[in-house]
Structure formats: C-alpha cells, structure tokens
Amino acid sequence: MPTDQVCLGRKRPVPSCPNPLFLQWLTELRDSAKEKGLKTQYVYQKAINSLKKYPLPLKNGKEAKILQNFGDGICKILDERLQKHYRENGSDAPIHLMEEPQKEPSGNLSEHMKQTQKEVRKEKGTKKKREYVPQKKSGGYAVLLTLYRHTQMPGSKGFMFRNELQTEAQPLCEKSFTVPDLGSKYTAWSSVSTLIQKDLLVKTHNPARYSLTDQGLALAEKLDSEESGMAKEHVEQMSEEEDSQDGPDVVDLTSEEEDEEEQEDKESWWSSERLATALSVNQARAHISESDATGKSQTLESGRTATSWHLPPGSYDIVLCVDVIETTGGSSGRKQELVKELQRNCVTFDIRKLNVGDFLWVAREKVTPVPGQLRPPVGKELVLDYIIERKRMDDLCGSIIDGRFREQKFRLKRCGLRKPIYLVEECGSAAAHLSLPESTLQQAIVNTQVVDGFFVKRVQDVKESAAYLTIMTRYLQKLYHNCTLFCRSRELEGDGGDESEQTANLSCSLMAFTEFNYGAIKNKCQTVREVFARQLMQISGVSGDKAAAVLEHYSTVSSLLQAYDQCSSESEKEKLLSSIKYGKLKRNLGPALSRTIYQLYCTRGPLS
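Quick note: the sequence shown uses the UniProt record's numbering, first residue 1, plus one each step.
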C-alpha cells in the first residue's frame, strides 16, 4: 500500500498544450502579421492564449470553433494547414505530439515549458515597448508628414497654426479635418490628441502652435522615407513591366504612348494653372504693397504668405451668423420673432454656436455639389471685421451686476475683429423697473462708446434690431463685392490697414472662422499671463487697460514679486506700480491702486 501511494503521488509532466502543431501554426501566423504591421496579430494572439488553456486534443480546425476567439477564418486556415501536413507526411502523421518529445520526454518537456514561458515574457515586454505608428492616410499620418516637410523647408519657423496645418495636411488624408463622417462626431483632427499623448507632438501658445518633438521628428522622417521609397518602387515596377513587354507577344504600343501623352498634358495643365494662380496672387500682392505707403502692407504680405489661400471676387457669399442662444431659451416668442423678421427681409443667415458676440458676418466660399455624394463639399469661411453684441436694458442691468458686462467687452476687444458694435434695445418703459437706476445704465452705454471705443446703436425693439441687421448685411455685401479676401492668422493682429485702405486696394486680410471661434473659447486652457490678468481685473478699479499696462511690465506674478523683493523700503513697494501709464491718454495707475495690488500679493493673512 505505501508503495502504491508513492507511485500515485508522482505525476508525469504534461505538455503545456496538447495541440502543439496548431499552436505552432498560429504562432507563425501571428509573427508574420506582426512583421507586416497588421492588426490581425492581436487576433492570432488571443487565439493562441485560448488554445493554451484548452486541455484536450483537437482532431481538426472545425473542432477548435468551440474555443473563444476562434472564428470561421482561423478554423479554415488550420484545416488547410492540416490537409497540407497530411499530404506531405502521410494520412497517419501524428498531430498531437511532436517528434522531439518522444525521444526525451522529461527533459524536453521541461525545456519546452521554459521556452514557452520565455516567449510569453518576451511578448509581454514587446507589447510595452511597441512603437506607435499611425495608419497610412489617417489624420495623425498626415499631420506628422506635413509638419516634417514644413520643417525641411528653408526659412521654416518650426511650427504651424491649426488652420494652415489642416489646409496643408488635407491632401494627405482620406477623411476631412473639419467635417465628421456620417454617424460620427470625430474628424481627422481628433488624432492630434493621440499624437500629443504619445509625445510625438507639442501644442504651445495661444492661438495654438503645433510642432514635432524629437521622437515625432524621427517617426515622421521614417514615414516620409517609406513613402518616397514606395514611390520609387512603383516607378521601378512600371519600368520593369515596360521592359518585360518587349517579348514575342503582340503589344499595343499606342495605348502607353497615349497614356503618357495624357499624363504629360495633365502635368503641363496643372503646372500652368499653378503658375497662373501664383502670378495672379503675386500681382495682387505687389499692387497692394506698392499702393500702401505707410508700410503696413509688409505685415499683410507676411500674413498672406503664411496661410496661402484666398477668395477672389465673385467666389463667395456674405452670410449673417446668428448665435444659437439668440434663437432658443428665455423669451422664445421674442427670439423667434427675430428669426421671422430676418426671413421676411430675405436675409441669408446661419444659426451656429458663437463663442463671443451674438451676430457676425462670414464670407462663405461658393461650392458646387459633387455627383454621387450626399453632401456638398464644405466651403471655406472668413470672418468679416464686424461683430455685434446685443443687449436689452434688463440684460444690460443683469450683466453689470454679475460682472459679465466688463468681461464681455474685454473679450470683444481680444477677439481679433476690428469693428465691435453694441446693439442696445431700449425696451420702452421697462427700464424704470430695473435693479439699477436708468442713469447708471445710460452712463454704462456712454462709457462703452467713449472709453471702450465701441460703436453703439440704439433701437427700440426686436423689429428694429432685425432691420439694422438687414441693412448691415446689404451694406457689407456691397462693401466687399469686388474685394479679394486673403486668410490671415490670428497672431498677426493689426495687419491689413484700415477699412478705407482695404476697399481702395480691393483686397483685405481676414481670419478663418474656425480659428476665430476656437480662439474665442471662454473656458479653454489659459496661460499664466492670462490668469494673472484675470486676477488683476477682479480688483475694484482695475479695468482691462490697466491690467494690460501692468502685464507689459510684469507678465507673471513671479516677476512682480521679484520686483517687490528688489525694493528697499515699504513705501517704495507700495508706489512701485503708481507711475505705469495706461490707456490712450497715458494716465498714471496711481498710488492708491498700486498700494492695493501690493497688499493683495504681499500681505500675509487677511487684508484689512
């Protein structure tokens, strides 16, 4: 009995997988897919893991279908490999035991188990270190190649803005960077966040600047060399095919010659078109630079060359854009009345989300529908320099009380459009029943016009507001009727001269709507300088001009505290900011405000 118990206690080592031949074939398929960079490698790996857990031998591929991650495709491949194995080794060839384990079962089995464990560890290690490579013709692929080729150009600034990056990367991508596919909310631009997470791309400044990291530069260089190598291989294959056609078979030589002639005609037509377009743009730019004697056209020229697209006269429509808030919520009847009045006046308008302002105008490119496509192509849009903030007296009162009034004026000044307009609806005798006296509201309106430099238009009701928007739309359609519109970046604010110079030269530079609306987002990520400016504007008596004047001397809180530390006495610290000039009249900030700012940032404990 004891001997029997000892014999039963010793167990014979069992192979890790009773189907080693199937495991070997799946491993070969996985490695082959991995070398080619195919995603099917993960499917094979899941099938391998499932097969290793199955303890019973399988006779053919159909039986493996009961296992997890085994579909019809994998089972069919295994059956084909099994038939080939039987043809080469005979119909009685073993498939559940390999030849090596039969000679030395104990030693080889243990070695085999060790090898499989090492392979699993290697696989886990390679998964962690696997390099991210974007799929060809995807958004990330196009962005990396475009930035790399831009950095290789002489005189490159090393970064690109969002608008110009989307424009230049679009030909390299199959999906649109601005319009999502049907049934999806994602565009090709969504892959940029993945590139930033993978440390291939860096996003800095506001408006955003995109540049490649060292890792991204190496990957983009690899992608560019692979694409150029594929192009060379394609040319070599074409030449080899032409050489192989010199045999005894009868070949129609006229077809290739006709194709080459058509290709040459297309290339010559394309080059002539590009040359003609470049000459027309250069002539227009030369005319503008000669007519502008003040030198402002040099900045206009740099802004145009940076973005490299324009809308000639007759190729665009002037469209009024209405913020969606102006048509929904609140008094819906009154807001719907505005839409009905615009429709009655035959005004072309579009309702969309505006991050700043209530009304503005865009020059929308005219596009023709493409046969076979559900939607017409998306036309380019440039924002005209006119933006309207609409206020009823009750809304004006509420915005003054909660602080929105000052913030909205500050954001309108910073939005990049040169002609801000305040549209004030008097709303009759309702102003007498508001929280603030009417004199305070009238003073706020006058300050908006005189101090802030906004154009203020007073109307009585919604109908007069719609009439003013109608007149402005027709005025702008006439004003920009014969103008060539160039796209400029938001970074180049103040370029292009004033309105009279633009209309006299029959050209002007405007921002793209996507860049404008993105730059006006209220709750986006802010820089340290912007947070410092917001902190200063929370102090009573500190306006936007005063905060901007302080930022010109001390751009961050750290630089201001360092300046305080360098002062020798307490009185000198309190008067440090008093002589700073602000506004158009260049007045001093004053000792009282300077003392308040010093106490806020340097007093420990509560302020007295």
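Beta carbons are placed, not taken as given, at the ideal position from N, Cα and C, and that holds for glycine.
- Residue environment for K409: buried (at least 16 other C-beta atoms within 10 angstroms of its C-beta).
- Between the alpha carbons of L384 and N517 lies a gap of roughly 13 Å.
- Runs of the alpha helix (DSSP H) lying entirely within the region 338-365 and spanning at least 4 residues: none are present.
- In this structure, V362 lies near E381, with their beta-carbon atoms less than 8 Å apart.
- D79: member of the alpha helix (DSSP H) spanning D72 to N89, first to last residue.
- Looking at F349, I351, S439 and F70, the one whose alpha-carbon comes closest to that of M393 is S439.
- Exclusion of the five residues before and after Y54 leaves L67 as the residues of its chain whose Cβ lies within less than 7 Å of its Cβ.
- Sequence-distant Cβ neighbours of W309 in its own chain, meaning closer than 6 Å and more than five residues away, are C487.
- Apart from sequence neighbours up to five positions away, the residues of its chain that approach G583 with a beta-carbon distance below 7 Å are D545, ordered along the chain.
- Residue nearest to F532 within the set V550, I580 and R87 is V550 (criterion: CA-CA distance).
- For the 8 Å CB-CB criterion, S465 and L360 do not form a contact.
- In this structure, S50 and F70 form a Cβ contact; the two beta carbons are roughly 7 Å apart against a cut-off of 8 Å.
- Burial is judged here by how many other beta carbons sit within 10 angstroms of a residue's own beta carbon; I421 has at least 16 and is buried.
- For Y598, the enclosing alpha helix (DSSP H) stretches over residues P591 to C602.
- For K573, the number of other beta carbons within 10 angstroms of its own is at least 16, and it is reported as buried.
- Exposed is the label assigned to Y475, since fewer than 16 other Cβ atoms lie within 10 Å of its Cβ.
- DSSP places A218 in the helix class (H, G or I) of the three-state scheme.
- By the criterion of a C-beta distance shorter than 8 Å, C602 is surrounded in its chain by L561, Y564 and K573, once the five residues flanking it on both sides are discounted.
- Between the C-alpha atoms of S568 and D402 there is a straight-line separation of about 40 Å.
- Just so you know, the alpha carbons of V557 and T527 end up roughly 12 Å apart.
- One alpha carbon belongs to E515, the other to T327, and they sit about 24 Å apart.
- The secondary-structure analysis by DSSP pairs S225 with nothing; it has no beta-bridge partner.
- Assigned with DSSP and collapsed to three states, C397 falls in helix.
- Secondary structure note for S50: its alpha helix (DSSP H) is the uninterrupted segment T40 to K53.
- Excluding five sequence positions before and after L396, the CB atoms of its chain that fall closer than 8 Å to its own CB belong to F405, V424, L441, A444 and I445, given in chain order.
- Looking at the backbone, the Cα of D350 and that of L342 are separated by about 11 Å.
- Judged by DSSP in its simplified three-state form, P171 adopts helix.
- Ranked by how close their Cα comes to the Cα of L78, the residues E28, S91 and G37 have E28 in first place.
- DSSP lists no bridge partner for L147.
- The beta carbon of L172 sits closer than 6 Å to those of A142 and L145, all from its chain and outside the five residues before and after it, given in chain order.
- Rounded to the nearest whole angstrom, the CA to CA distance from D461 to R390 is 11 Å.
- Distance from Y148 to E221 at the Cβ level is roughly 6 Å; contact confirmed, criterion being Cβ atoms closer than 8 Å.
- Pairing V319 with R364 gives a Cβ-Cβ distance under 8 Å.
- Within the same chain, and ignoring the five residues on either side of V542 in sequence, the residues whose Cβ sits closer than 6 Å to its Cβ are L536.
- F455 is classed as exposed because its beta carbon has fewer than 16 other beta carbons within 10 Å across all chains shown.
- When the alpha-carbon of V450 is set against those of L585, D72 and I387, the nearest one is in L585.
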